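Chains as they are written, first to last, in this note's numbering: chain V, 79 to 194; chain C, 288 to 523.
What follows is a single structure, written as structure tokens, with notes after it.
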Amino acid sequence: MTISDLATLEGFKWATEKTQDWEIQDAYTGDLLSDVMGNAPSDSVLVTIQAHKNTIAVASLAGIHALVICNNRSVPDDMKEAAQEEEIAIFTTKDTQFQASCKIAKALGRLDENRN
Amino acid sequence: MRIAIDLHNHSCLSPCASDDLSPALLAVEAMEQGINILALTDHNSSRNLPAFKEACELCDILPLFGLEITTNEEVHILTLFPKLEDALAFGTFVEFLLPKRKNDKRLFGNQLVVNVEGEVLQEIDAMLSAATSLSFSDVVEEALSRDALVIPAHIDRYANSVLSNLGFLPNLAYSAVEAIHLPVQADTKDWAIVTGSDAHSLEQVGRRACYIEMEDLSYENLKEALQNKNNVSYQQ
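Next up, the structure:
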């Protein structure tokens with residue numbers, strides 16, 4: 079899927095201006111930036127509540143193209159500016175990290191991947 | 288006597304702080320604002336503390352030699368030493384426990400070691416914005432055993448605070464806790480609550496200093512005064 083597919087998921091709202099329509103191949107869910115930095119796959123979307131400017135720096139290092147900020151947390155202006163510079167899309171949602179991750183898994187066609 | 292203290296400040300060594308904020312500029316600005324006890328607390332490094340010491344001597348400020356440690360839970364804690372050499376030794380220990388990653392200057396910012404004149408002596412490669420491998424309780428225990436003041440930083444902040452990341456304040460022997468907004472919406476028991484400027488640029492120096500009633504200007508008296516939270520008062 080692409081960034082614009084993410085934007086169509088129910089309850090996901092743009093917090094930045096539209097970015098390039100990056101291809102999204104994977105996703106990662108986590109709030110601890112050291113963990114995200116070490117383990118998040120590239121070309122992915124990050125589901126998190128960590129609405130901090132550093133999240134953008136870590137996302138950029140990890141090759142993350144989009145963030146979904148959960149639980150209706152607000153996105154500070156300096157974070158939006160950094161995202162704009164790094165061409166990273168930010169969405170906000172009222173969803174919990176679990177709910178947002180489920181929607182993304184479905185959109186990526188990954189819901190069945192762990193079934194035997 | 289009523290002493291103005293500001294126990295949380297950064298310099299150009301912290302990647303997120305302004306390159307212009309040298310330890311000397313911090314000390315001079317604090318002096319102009321009437322701060323009596325000032326701490327420099329860069330992220331996970333003590334390398335600008337020698338210049339800070341010289342600057343505070345010139346400004347007649349009592350310095351505390353600090354670090355703001357990032358624990359493995361990504362909680363920030365201030366550790367403040369009365370002696371430069373103890374802070375430098377702790378800084379070496381802490382830098383060793385950072386991940387073996389290099390700082391990306393473009394993304395995180397410069398990490399400049401400067402002298403008292405503000406001349407750049409060195410740029411630090413280690414990623415000072417990263418988390419150390421020390422746990423929250425490790426830091427508290429280790430720093431207390433080295434006779435530092437230990438103060439969980441900005442406990443009411445939405446990120447990198449003990450309340451945001453651990454949910455509540457573990458019952459440990461903190462010297463005080465630091466908050467941004469008062470009153471704090473959490474159980475802070477009998478710990479003294481201090482406010483600190485957390486200055487990352489010159490105009491932020493002194494913005495959240497606070498006051499403490501103590502006998503006369505010394506580290507020992509500060510430590511003792513912090514044992515009673517009623518000794519602390521705040522800016523209007």
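The beta-carbon is built from N, C-alpha and C at its ideal position, and this holds for glycine as well.
As the structure is a prediction and not an experimental result, all values here were calculated from the model.
Out of the options, point me to the one whose CA is closest to residue i's CA.
i                 : options                                       : result
Pro-337 (chain C) : C:Ile-356, C:Thr-357 and C:Pro-369            : C:Pro-369
Val-403 (chain C) : C:Leu-513, C:Asp-434, C:Gln-522 and C:Leu-312 : C:Leu-312
Tyr-445 (chain C) : V:Ala-178, V:Thr-171, V:Phe-169 and V:Arg-151 : V:Arg-151
Gly-454 (chain C) : C:Gly-396, C:Phe-352 and C:Glu-361            : C:Glu-361
Val-401 (chain C) : C:Ala-512, C:Leu-308 and C:Ala-291            : C:Leu-308
Leu-300 (chain C) : C:Arg-433, C:Asn-335 and C:Ala-314            : C:Asn-335
Ser-159 (chain V) : V:Lys-172, V:Ala-129 and V:Arg-188            : Ser is not the amino acid found at residue 159 (chain V); the sequence shown has Glu there. Cα-wise, what sits closest to Glu-159 (chain V) is V:Ala-129.
Val-543 (chain C) : C:Ser-332, C:Thr-379 and C:Leu-349            : Here chain C covers residues 288 to 523 and nothing more, so residue 543 (chain C) does not appear.
Lys-389 (chain C) : C:Ala-417, C:Val-481 and C:Ala-463            : C:Ala-417
Gly-89 (chain V)  : V:Leu-186, V:Asp-113, V:Lys-181 and V:Leu-189 : V:Lys-181
Cys-497 (chain C) : C:Ser-298, C:Asn-296 and C:Ile-322            : C:Ile-322
Ser-420 (chain C) : C:Ile-438, C:Lys-387 and C:Leu-450            : C:Lys-387
Asn-515 (chain C) : C:Glu-319, C:Glu-500 and C:Glu-372            : C:Glu-500
Ser-197 (chain V) : C:Pro-310, C:Cys-303, C:Leu-345 and C:Asn-359 : As shown, chain V starts at 79 and ends at 194. That puts residue 197 (chain V) outside it, with no answer to give.
Thr-170 (chain V) : V:Ile-147, V:Pro-119 and V:Gln-103            : V:Ile-147
Asp-391 (chain C) : V:Ile-168, V:Ala-167, V:Ala-137 and V:Ala-144 : V:Ala-137
Lys-131 (chain V) : V:Ser-120, V:Ile-168, V:Ser-82 and V:Ile-102  : V:Ile-168
Pro-439 (chain C) : C:Arg-433, C:Glu-429 and C:Leu-456            : C:Leu-456
Looking at the structure shown, is residue i part of a helix, part of a strand, or coil, going by DSSP?
i                 : result
Thr-86 (chain V)  : coil
Val-114 (chain V) : helix
Gly-493 (chain C) : coil
Asp-104 (chain V) : strand
Ala-326 (chain C) : strand
Glu-316 (chain C) : helix
Ile-182 (chain V) : helix
Phe-368 (chain C) : strand
Lys-91 (chain V)  : strand
Phe-169 (chain V) : strand
Ile-81 (chain V)  : helix
Ala-160 (chain V) : helix
Ile-127 (chain V) : coil
Asp-347 (chain C) : coil
Ile-21 (chain V)  : The question about residue 21 (chain V) has no answer here: the residues shown for chain V are numbered 79 through 194.
I want to verify the contact list: residues of chain V whose CB lies under 8 Å from the CB of residue i, in sequence order.
i                 : result
Phe-423 (chain C) : Per Cβ cutoff of 8 Å: no residues; Phe-423 (chain C) is ~13 Å from chain V at best.
Glu-361 (chain C) : Leu-110, Leu-111 and Ser-112
Output the distance between the C-alpha atoms of residue i and residue j, rounded to the nearest integer angstrom.
i                 : j                 : result
Leu-139 (chain V) : Leu-124 (chain V) : 13 Å
Phe-339 (chain C) : Thr-174 (chain V) : 45 Å
Gly-483 (chain C) : Asp-443 (chain C) : 12 Å
Lys-510 (chain C) : Met-115 (chain V) : 38 Å
Leu-394 (chain C) : Ser-122 (chain V) : 19 Å
Leu-294 (chain C) : Gln-398 (chain C) : 21 Å
Ala-326 (chain C) : Leu-110 (chain V) : 28 Å
Tyr-106 (chain V) : Ile-142 (chain V) : 9 Å
Asp-347 (chain C) : Ile-290 (chain C) : 13 Å
Leu-385 (chain C) : Ser-424 (chain C) : 17 Å
Val-427 (chain C) : Tyr-506 (chain C) : 19 Å
Asp-156 (chain V) : Glu-163 (chain V) : 11 Å
Thr-475 (chain C) : Lys-91 (chain V)  : 37 Å
Phe-352 (chain C) : Asp-306 (chain C) : 20 Å
Ser-82 (chain V)  : Ala-118 (chain V) : 21 Å
I want to verify the contact list: residues of chain V whose CB lies under 7 Å from the CB of residue i, in sequence order.
i                 : result
Ser-301 (chain C) : None at all; the shortest Cβ gap to chain V is about 12 Å.
Asp-244 (chain C) : This structure does not reach residue 244 (chain C), given that chain C is present from 288 up to 523, and the question cannot be answered.
Phe-395 (chain C) : Ala-135
Ala-486 (chain C) : Those within 7 Å of Ala-486 (chain C) in chain V number zero; the least Cβ separation is about 16 Å.
Using a threshold of 8 Å, state whether the C-beta atoms of residue i and residue j are closer than that.
i                 : j                 : result
Ile-134 (chain V) : Ala-161 (chain V) : yes
Glu-465 (chain C) : His-487 (chain C) : no
Thr-86 (chain V)  : Asp-99 (chain V)  : no
Ala-463 (chain C) : Leu-431 (chain C) : no
His-297 (chain C) : Asp-329 (chain C) : yes
Thr-126 (chain V) : Gly-108 (chain V) : yes
Val-449 (chain C) : Val-481 (chain C) : no
Pro-302 (chain C) : Gly-396 (chain C) : yes
Ala-435 (chain C) : Leu-345 (chain C) : no
Ser-332 (chain C) : Leu-365 (chain C) : no
Which bits of chain A does residue i rub up against, with CB to CB less than 7 Å?
i                 : result
Ser-416 (chain C) : Chain labels in this structure do not include chain A; the protein chains are V and C.
I want to verify the contact list: residues of chain C whose CB lies under 7 Å from the CB of residue i, in sequence order.
i                 : result
Gln-128 (chain V) : Ala-446
Does the Cβ of residue i lie closer than 7 Å to at least one heavy atom of the ligand ZN?
i                 : result
Phe-339 (chain C) : Ligands displayed in this structure: none; no statement on the ligand ZN is therefore possible.
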